[in-house]
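Undergrad:
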Amino acid sequence: MNKNLDFVNKEVNQLWDNFGAKAQKELFTCLDGSLQELSQFIVGYKELHKNLNNTEQKEINRFANLCEFKSGILNLLLENQKEINEDDFKDLLEGYLNAIDSILQETKKNIRKKEIFTPYSISRNSQLFVLIKKLRLNVNFAFKYQSRKAINVLRSLLKLNPLELQSTRYRKIPYQSILKYYLGVQLPKAILSSFHRLMEAKSNVFLDFWKLEDDFDTEIQNNLLENKDENLSETINLYISNEIFEEQKKLLSQAKRWLKKEIESATISVFKELDEAISVADTPDLPIVHFKNTKIEAQQNLVFTNLNLEKLKWVNTHKTLLDDWLLDVEIVLLYFTVLDNYKNLDSKITHFIDEHLSLNLEQLREFILSSANRITSTNNSAKDLLIILDEERQKVGSELIDKLLAETVKKLSGSINKDLEKFNSQTIALVENISNKRSFIKGHNYERGVRSAEINWLSPRELLNFEALPHFQESINNIKQFIEINLKKARLKLNTMGTVCDFSLESAQMMLQKKKGAVKTTMKVSEEGYNRALGHLDEALDLLETIKKEPQENLHLVITNFNTEIQKLKNTETIIELNLKIVKIKAMERSKKIQQDVIAFVKNMVPRLITFIKEHLLDTPEIVTNIKKRLGITSEEVKISHELTEFIHKTELSLKKLPFIYQRLYQLTPTDETRFFVHRQIELDSLQQAFDDWEKDRFVTTAVVAEKGNGVTSLFNIFLKNIETDIPVIHRSPEKKIYTPQQYLSFFEQLFEQDHFESNEHIIEYLNNKDDNLILILENLHHFYLKKVNGFECQKMLFDLISNTSKKVFWIGSYTIHSWEYLKKTVKVSENFTREVQVKKFSSDMLDEVIFKRNILSGYKIQFEASSENGNSTSFQKMNEDEKQKYLRKQFFIELGQISNGNVSLAQLYWLRSTRGVSDDTINIGSLREIDVSFVKDLPSEYLFAMHTILTHDGLTLEDYSTTLNLPVNNCRNVLIPMLEKGLLIRPKEKFNINPIIFRQVVSLLRSHNFIN
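Okay, structure coming up:
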């Protein structure tokens, strides 16, 4: 403090000595609080970087310490934001104002001063009333002076003492009020510029550290993008050094020095003003009216109001600056935390696959190789080979499938997607923890005080939830689906591996039992089966490697994209852009919703439109042609293409070329194995409900209606396998037509193992008097009639038998759909059954599952071949191989559903017919478009009548056919034998039946000629 000051007035000198130093100290203490806050901030910041800098490299690579560091920065900023002093200046200067009050209490209220009057200087800038007053006083002074001077001339003549020419004046100085004004108003006002400079310096310190932090974050993120994790320590050392903190400390010291100097300078300046004011107080230049207490208090209030407004602006600035910085820290912390969680997730997935699953898969490989070695090392004895095959099959079941495979598949159903979901949930929780409201100033203009109206607001959480997070979740869900699909494929491959092993050994056993000398062929069948099983194991391994590799790459990309999106929130250049972003996103969401609704509407309408066209327009040419034929406008050409024989021959050749194991899988025989039985739950439930109602003593008779070859026998087999009952079961089908009472009674004598039944009433009595109930399933009940006079008598007897024994017997009968429709019109068959179960045709997707369920057991891969039409398609050529196979598979089964009309037996037959070649582990399937069945164009009328008769009877012997048409046998033979030779009919035993290969085409032809509906 300058102690050599010499003021004009002794009172000011005394005041300076007593109060000057104290005033400067109190004022400095008031403003130094901000410097203390900055100092503490720098110390805290330095400590956080010191802890990060001392972290070992391996810990840094886990990103946990980066997260801890950013959390520390977050907390530090939050604490500083809370500690920003929002008190008004009167509270801050409380000590200073109290010191003034103490001085004023010790000070006289007024000071009286007697002074020699000197004329007042006249200035053009003086106010008019001041100028007039000064002129008046100067005139009075001049008049007195001249008057006294004249009187002194007279007095000198009279030898009297002259009068004093100088005039005196008396000033009443309101000293206390003047002190209050200059110390309580002017001095606080004088430090405003220092306050601004100090606040600007505080902003610069924050901005410097913010820029440092931003550069540090950017460099780390660039290293991560370039996979340079090892450079993190170098980045820390490069950006964070002691020199930075020492430089900031030096700047703080400099700030303290210039703050003290500015406060001292302001204080001296105000004291000088005070000294000058005392010298001219109670004069025209400074009337005492200026120092009225009410006026001083008003001025003081105004000064402090202005000071508080300026302080509030800087509080706004610093709080908003820290809020804006906090947003950046939150975003970077979110990224580092997600990245740390990702590293943990990646480590878990890799450990799970490498340490657990790979070991199990190698155990599976070792088992198969050992089993194959035991089989091939046996001698050439068929008997020994049968024994070893049986032993190995038991081991496959008990050790491979039940233990090793079960354990591996269980692990494959493990926690990868659970870990992914946890990772997703963690990220959602992190976003929810992001602040919902953050402030910023346009253009990062934080070097001045800002009004509240200049502060802009945004919702980081809402922006993240509308943009970055949905994209992140969508990507995570895609990865989860990818993993789930591939895990499912891997599980399927492993299950297939076990099934292939078991089925191959079973097929080898069957081959050796049929051909005792086929030892080498049998070994080859088992060896090839094991090789295909190992192929499935290798594919499972490849899938696991894909699960380990691709999700890792995709996750890294997802997190990078997520970071790119969240970093956009740090760009707050224009408030319009940020405020419109949410509105834009919501508008896009609404637009997407409308678009999806329109697409859904179109998708729903297109299939209906296609169906309408098929039903009402595509048949128009055929209808017109039929009308022309009936009117005789066009002649009816009778054609039977010679291509039919060639077609059937090709079919037989295709079947013979297939491996034994494949022929066995697709042989057209009923099954009782659930592994082959699919998509008949509705029918099974209907049968189960009927049985449950019958057991409740209700009148129940059940008819199952299905197209021939649609799996009725298999349905009954599975139904009987599923029901838990001790009731005896009889499941039969008449082999021949039964249309006379003698045939009818003979059939039931054999069925019930009785010597003789005299009549239908005898059979009814027998069944009703039995001790036990009975489940009786009779297939092909349409064999109980023949289309002739009195040919329906047995059908009616059967109805009578069923209705009179239904309390004791649970009756289930089956009819073909064509015979059922015919009998409904003739004998009202539907009225005799309380339950009618229609066996539905299979869709293309169902046929896909049926075919591939069997194919899986073979172990063969399927390669679909493109048709010539596909080969010419530009869009098809643009597909990759996987896309082509998916497209061809879907197209094949759509066409298969159409050509087979959903008939499962026909579908299997056409599947086998479509085979083009067989390699060690692959079967090629050609396009169904290359199977030409257009040779069934039209048939002579006698052929049509024959086809219709055979169709409604589900096959007839020559004699039955003759009886039905009431024609000589020779005449009937002349019709049926040519049809047999041309391939229109088949004759496995005695009955003639429609060739199944052209069954659907024949039905369509009969329908077009109105033989059937």
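Counting with my numbering, you get residues 453 to 1465 for the letters of the sequence shown.
Glycine included, every Cβ here is placed at the ideal spot set by N, Cα and C.
Applying the criterion that 16 or more other CB atoms from any shown protein chain within 10 Å of the CB defines a buried residue, is arginine 984 buried or exposed?
TA: Start at 1 with the first residue of the sequence shown, and residue 984 comes out as number 532. By the 10 Å Cβ count, arginine 984 comes out buried.
Undergrad: Alpha carbon to alpha carbon, how far is leucine 711 from lysine 641? Give it in angstroms, no decimals.
TA: Here residue 641 corresponds to residue number 189 of the sequence shown, with the count starting at 1. Here residue 711 corresponds to residue number 259 of the sequence shown, with the count starting at 1. Near 15 angstroms, if we compare the C-alpha coordinates of leucine 711 and lysine 641.
Undergrad: Determine the burial state of valine 605: buried for a count of at least 16 other Cβ atoms within 10 Å of its Cβ, exposed for fewer.
TA: Start at 1 with the first residue of the sequence shown, and residue 605 comes out as number 153. By the 10 Å Cβ count, valine 605 comes out exposed.
Undergrad: Leucine 738 to asparagine 550, Cα distance in whole Å?
TA: Within the sequence shown, numbered from 1, the residue matching residue 738 stands at position 286. Within the sequence shown, numbered from 1, the residue matching residue 550 stands at position 98. Spanning the two alpha carbons is a distance of roughly 27 angstroms.
Undergrad: Tell me the rounded alpha-carbon separation between leucine 1373 and leucine 837.
TA: Residue numbering aside, residue 1373 sits at position 921 when the sequence shown is read from its first letter. Residue numbering aside, residue 837 sits at position 385 when the sequence shown is read from its first letter. Looking at the sequence provided, one finds aspartate at residue 1373 rather than leucine. Near 24 angstroms, if we compare the C-alpha coordinates of leucine 837 and aspartate 1373.
Undergrad: In angstroms, rounded to a whole number, what distance separates the CA positions of glycine 950 and arginine 943?
TA: Taking the sequence shown and counting its residues from 1, one reaches residue 950 at position 498. Taking the sequence shown and counting its residues from 1, one reaches residue 943 at position 491. For glycine 950 and arginine 943, the distance between alpha carbons rounds to 11 angstroms.
Undergrad: Use the C-beta contact count for leucine 1228: other C-beta atoms within 10 angstroms, 16 or more gives buried, fewer gives exposed.
TA: On the sequence shown, residue 1228 is found 776 positions in, with the first residue counted as 1. Answer is buried; the Cβ neighbour count reaches 16.
Undergrad: Quick check on the DSSP output: the alpha helix (DSSP H) that includes arginine 564 runs from which residue to which?
TA: For the purposes of this step, residue 564 is taken as the residue at position 112 of the sequence shown. Arginine 564 -> not in any alpha helix (DSSP H); beta strand (DSSP E) instead, spanning 563 to 568.
Undergrad: Measure from the alpha carbon of aspartate 411 to the alpha carbon of each residue in Ser1255, Val1427, Ala475 and Ser959, then state which is nearest.
TA: Residue coverage of the chain in this structure runs from 453 to 1465, which leaves residue 411 outside it and unanswerable.
Undergrad: Pick out whichever of Leu528, Leu1348 and Val464 has its Cα sitting closest to the Cα of serine 491.
TA: Position 39 of the sequence shown holds residue 491. Serine 491 has its Cα closest to that of Leu528, out of Leu528, Leu1348 and Val464.
Undergrad: Whole angstroms are fine: how far does the CA of valine 1050 sit from the CA of lysine 771?
TA: Your numbering for residue 771 matches position 319 in the sequence shown. Your numbering for residue 1050 matches position 598 in the sequence shown. Rounded to whole angstroms, lysine 771 to valine 1050 spans 49 angstroms at the Cα level.
Undergrad: Quick one: using the 10 Å Cβ neighbour count with 16 as the cut-off for buried, is valine 755 buried or exposed?
TA: For the purposes of this step, residue 755 is taken as residue 303 along the sequence shown, with counting starting at 1. Buried is the call here.
Undergrad: In this structure, how does DSSP classify glutamine 579 when only helix, strand and coil are distinguished?
TA: Taking the first residue of the sequence shown as position 1, residue 579 is located at position 127. Looking at glutamine 579 - three-state DSSP - the assignment turns out to be coil, as it is neither helix nor strand.
Undergrad: At the level of alpha carbons, what is the spacing between asparagine 1256 and isoleucine 1216?
TA: Position 804 of the sequence shown, counted from the first residue, corresponds to residue 1256. Position 764 of the sequence shown, counted from the first residue, corresponds to residue 1216. Using only the alpha carbons, I get a separation of about 7 angstroms.
Undergrad: Quick one: Cα of proline 1412 to Cα of serine 823, how far?
TA: On the sequence shown, position 960 is the one that residue 1412 refers to. On the sequence shown, position 371 is the one that residue 823 refers to. In the sequence on display, residue 1412 carries aspartate and not proline. Distance between the alpha carbons of aspartate 1412 and serine 823: 56 angstroms.
Undergrad: What number of angstroms, rounded off, separates the C-alpha of phenylalanine 493 from the C-alpha of proline 626?
TA: On the sequence shown, position 41 is the one that residue 493 refers to. On the sequence shown, position 174 is the one that residue 626 refers to. Phenylalanine 493 and proline 626: Cα-Cα distance of roughly 47 angstroms.
Undergrad: Closer than 8 angstroms is the cut-off here; do at least three beta carbon pairs connect the region 1202 to 1209 with the region 1242 to 1251?
TA: These segments do not touch.
Undergrad: Quick one: what does DSSP say asparagine 470 is sitting in, helix, strand or coil?
TA: Locating residue 470 in the sequence shown gives position 18, counting from the first residue. In this structure, asparagine 470 counts as helix in the three-state DSSP scheme.
Undergrad: Can you grab the Cα-Cα spacing for the pair asparagine 1462 / histidine 1270, in whole Å?
TA: The sequence position of residue 1462 within the sequence shown is 1010, counting from 1. The sequence position of residue 1270 within the sequence shown is 818, counting from 1. Rounded to whole angstroms, asparagine 1462 to histidine 1270 spans 13 angstroms at the Cα level.
Undergrad: Rank Leu916, Phe1285 and Glu1333 by C-alpha distance to the C-alpha of tryptophan 1263 and give the top, closest one.
TA: Along the sequence shown, one-based indexing puts residue 1263 at 811. Among Leu916, Phe1285 and Glu1333, the Cα nearest to that of tryptophan 1263 belongs to Phe1285.
Undergrad: Does DSSP put leucine 430 in a helix, in a strand, or in coil?
TA: Because the chain here runs from 453 to 1465, residue 430 falls outside it and cannot be looked at.
Undergrad: Assign aspartate 806 to one of two classes, buried (16 or more other C-beta atoms within 10 Å of its C-beta) or exposed (fewer than that).
TA: Walking along the sequence shown from the start, residue 806 turns up at place 354. Exposed.
Undergrad: Do you know how far the Cα of phenylalanine 1168 is from the Cα of asparagine 1225?
TA: Here residue 1225 refers to the residue found at position 773 of the sequence shown. Here residue 1168 refers to the residue found at position 716 of the sequence shown. For asparagine 1225 and phenylalanine 1168, the distance between alpha carbons rounds to 18 angstroms.
Undergrad: Sorted by chain position, which residues of the same chain lie with C-beta nearer than 8 angstroms to glutamate 714's C-beta, five sequence neighbours on each side aside?
TA: As a position in the sequence shown, residue 714 is number 262, starting the count at 1. Hits under 8 angstroms: Ile643, Ser645, Ser646 and Arg649.
Undergrad: Where does phenylalanine 1451 fall in DSSP's three states?
TA: Locating residue 1451 in the sequence shown gives position 999, counting from the first residue. Of the three classes helix, strand and coil, the one that applies to phenylalanine 1451 here is helix, per DSSP.
Undergrad: Between the C-alpha atoms of aspartate 990 and leucine 946, what's the straight-line distance to the nearest angstrom?
TA: Along the sequence shown, one-based indexing puts residue 990 at 538. Along the sequence shown, one-based indexing puts residue 946 at 494. For aspartate 990 and leucine 946, the distance between alpha carbons rounds to 10 angstroms.
Undergrad: In angstroms, rounded to a whole number, what distance separates the CA positions of arginine 1439 and serine 1393?
TA: Position 987 of the sequence shown, counting from 1, holds the residue named residue 1439. Position 941 of the sequence shown, counting from 1, holds the residue named residue 1393. About 21 angstroms.
Undergrad: I need the straight-line Cα distance from tyrosine 634 to leucine 703, nearest angstrom please.
TA: For this step, residue 634 is matched to residue 182 along the sequence shown. For this step, residue 703 is matched to residue 251 along the sequence shown. C-alpha separation (whole angstroms): 32 angstroms.
Undergrad: Measure the CB-CB distance between tyrosine 1362 and leucine 1348 and report whether it falls below 7 angstroms.
TA: Taking the first residue of the sequence shown as position 1, residue 1362 is located at position 910. Taking the first residue of the sequence shown as position 1, residue 1348 is located at position 896. In this structure, leucine 1348 lies closer than 7 angstroms to tyrosine 1362 by Cβ.
Undergrad: Flag this pair as yes or no: are the beta carbons of leucine 1021 and isoleucine 783 separated by less than 7 angstroms?
TA: Residue 1021 sits at position 569 when you count from the first residue of the sequence shown. Residue 783 sits at position 331 when you count from the first residue of the sequence shown. Closer than 7 angstroms, so yes.
Undergrad: Quick check: the region 867 to 877 against the region 793 to 802, are at least 3 beta-carbon pairs closer than 8 angstroms?
TA: Output reads yes: the region 867 to 877 touches the region 793 to 802.
Undergrad: Identify every residue that forms a DSSP beta bridge with tyrosine 1196.
TA: Indexing the sequence shown from 1 puts residue 1196 at position 744. Its beta-bridge partners do not exist; DSSP assigns none.
Undergrad: Rounded C-beta distance between aspartate 780 and aspartate 666? I'm assuming under 8 angstroms.
TA: Working through the sequence shown from its first residue, we reach residue 780 at position 328. Working through the sequence shown from its first residue, we reach residue 666 at position 214. Going by Cβ atoms, the distance from aspartate 780 to aspartate 666 rounds to 7 angstroms, so yes, they are a contact pair.
Undergrad: Going by alpha carbons, who is nearest to threonine 973 out of Leu957, Trp468 and Leu986?
TA: Residue 973 sits at position 521 when you count from the first residue of the sequence shown. Ranking Leu957, Trp468 and Leu986 by Cα distance to threonine 973 puts Leu957 first.
Undergrad: Let's test the definition: count the other Cβ atoms within 10 Å of the Cβ of leucine 726 and tell me whether it reaches 16, buried, or not, exposed.
TA: Residue numbering aside, residue 726 sits at position 274 when the sequence shown is read from its first letter. Leucine 726 should be labelled buried.
Undergrad: Thinking just about the alpha-carbon of each residue, which of Val1302, Ser904, Tyr1237 and Ser1319 is nearest to the one in valine 1279?
TA: Within the sequence shown, the letter at position 827 stands for residue 1279. Of Val1302, Ser904, Tyr1237 and Ser1319, the residue nearest in Cα terms is Tyr1237.
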